[in-house]
Amino acid sequence: MRIALLAARALIALLAFSPGSSSSSPPSKDKTFRTLLAVPASPELGRRSAPRASSDPRAAPAPALAQDVFWSDRLDGAPPAGFSDLHVKRWQLKARSSRLVSLERGCGRVSNRLARFSDGTRACLRYGINPEQVQGETLSFYLSRLLGIRNVPALALSRVNTNTEQWLRVRQDIQGSQWADKSIVSLTEWISNLTDVVAPPPLRTEGRRLHPLLEDLANVTNQEMLELVQWSDLILFDYLTANFDRLASNLLSLQWDSRVMERSTNNLHRTAKGALVFIDNEAGLVHGYRVLPMWDRYHEALLNTLCIFRKETAKKIAELHKSQNVANQLFEQYRASEPLAFQMGFLSEDHAEMLQNRTDRLYKHILQCKAKYSK
């Protein structure tokens, strides 16, 4: 008998939003989101609390939860495998050494290209209108590895040089693209047979939540549970990177499009095996931090919907809070794995401090959830 494990659609809370603009007509998406990515950066920017018993009579954890506010070990380890460390290393080696044979339009922004290697495999090649786009994409990838979140595709950097063997056969394509020679671009693994993802039912209405309550986790199928585990990581990841070009942009759009949450989520896809894939993270960290005053209310609203976490993700956040050196750890991983790290650059001191502050905010949020729902 599957009691509450098959019990109701998991609920994620969305608070009512009151955006600053009172305009009733939607501005174009290019003006609201995409052109923000091209805004030049200003020169200067480049003990655990003891749990207490909950007074909420509905707070008995559903069988899907092992304890407190964490998904059970069965669910935590069950989501379809993402991109393993071994897979990432092998793909990066190939991306840095294989010859490119064609560049086609594709992969989102008009300046990007769908690249094909000599062995037939493909990659999304990102050329940033502003270098911080490639930097944000790259650092977001390495932060996901540091957190143990395996939903971001493998990435490697390369310097455009049509005199080298890797780039020689696409010289004409490069000239036609009007890219600056010697620019650093990112190559991201192309994943085939992806499908669009709509926010889970709880995200489509206001005033709901994904908390460890029986009423929030009723009638949810096993497959839906496995996807919700990944959504919990996505919300934390986008909060940490301040990536506005996924869920946060949808919240902003609610002021003129009440059904935006019922449509496909931007920059989020699903593999045939059910793994969520977080793509196009160029708005993360560098640019996301620079425009944070505009978007932080939406990031906070999304975070407040969530009070269920993967144990390993929460553990890593606690470790990064305790060490107070998340930027240093990110840089060491980035430097050790990416030969062009020094040429591409890293977070400014201000942005490194913001990353630590947001890590500390996540840690505090998890403690608050534990204080509310722990036995």
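Position in the sequence shown (from 1) plus 108 gives the number in the working numbering.
Virtual Cβ for every residue (Gly too), placed ideally from N, Cα, C.
- For S294, the three-state secondary structure derived from DSSP is strand.
- For L463, no beta strand (DSSP E) segment is defined; the enclosing uninterrupted segment is the alpha helix (DSSP H) at E457 to Y481.
- If you ignore the 5 residues before and after L211, its C-beta comes within less than 6 Å of the C-beta of R221, A223, V278 and D281, all in its own chain and listed in chain order.
- A straight line joining the alpha-carbon of R207 with that of L295 spans about 13 Å.
- Exclusion of the five residues before and after W287 leaves Y235 and V268 as the residues of its chain whose Cβ lies within less than 7 Å of its Cβ.
- Secondary structure at D346: helix, using DSSP grouped into helix, strand and coil.
- Close CB contacts of R204 within its chain, under the 7 Å cut and outside five residues either way in sequence, are with A264 and S266 (chain order).
- By the criterion of a C-beta distance shorter than 7 Å, T421 is surrounded in its chain by L255, G256, I257, D341 and L344, once the five residues flanking it on both sides are discounted.
- Contact between L233 and V305 fails: their C-beta atoms lie close to 24 Å from each other, not under 8 Å.
- For F249, the closest C-alpha among the options G392, E370 and N374 is that of G392.
- Excluding its 5 nearest sequence neighbours in each direction, L247 has C-beta neighbours in its own chain below 6 Å: L393, listed in chain order.
- In the three-state reduction of the DSSP assignment, E446 falls in the coil class.
- Runs of alpha helix (DSSP H) with 4 or more residues, each lying fully within the segment 204-280, are found at 239-255, listed in chain order.
- Shown here, S192 sits in coil according to DSSP, grouped into three states, outside any helix or strand.
- Taking all protein chains in view, the Cβ of S252 is crowded by 16 or more other Cβ atoms within 10 Å, so the residue is classified as buried.
- Annotation: the continuous alpha helix (DSSP H) that includes S361 extends over L355 to S361.
- V328 sits in coil when the DSSP states are folded into three classes, being neither helix nor strand.
- Three or more Cβ pairs drawn from the segment 406-416 and the segment 345-363 lie within less than 8 Å of each other, which places the two stretches in contact.
- In the structure shown, the three-state DSSP call for N436 is helix.
- Membership of T303 in any alpha helix (DSSP H) is not indicated; the residue belongs instead to the beta strand (DSSP E) covering T303 to V306.
- Taking a cut-off of 8 Å for Cβ pairs, the segment 418-433 and the segment 463-479 touch, as three or more such pairs fall below it.
- For L384, there is no enclosing alpha helix (DSSP H); the enclosing beta strand (DSSP E) covers residues L384 to F386.
- The three-state reading of DSSP puts H407 in helix, counting H, G and I together.
- Taking C-alpha positions only, A231 is separated from I299 by approximately 8 Å.
- Under DSSP, F417 takes part in a beta bridge, and its partners are F178.
- About 6 Å separates the beta carbon of L318 from that of T413, a gap short enough to meet the 8 Å contact definition.
- A straight-line Cα-Cα distance of about 11 Å links R405 and A350.
- Listed as beta-bridge partners of R378 by DSSP are T303 and L384.
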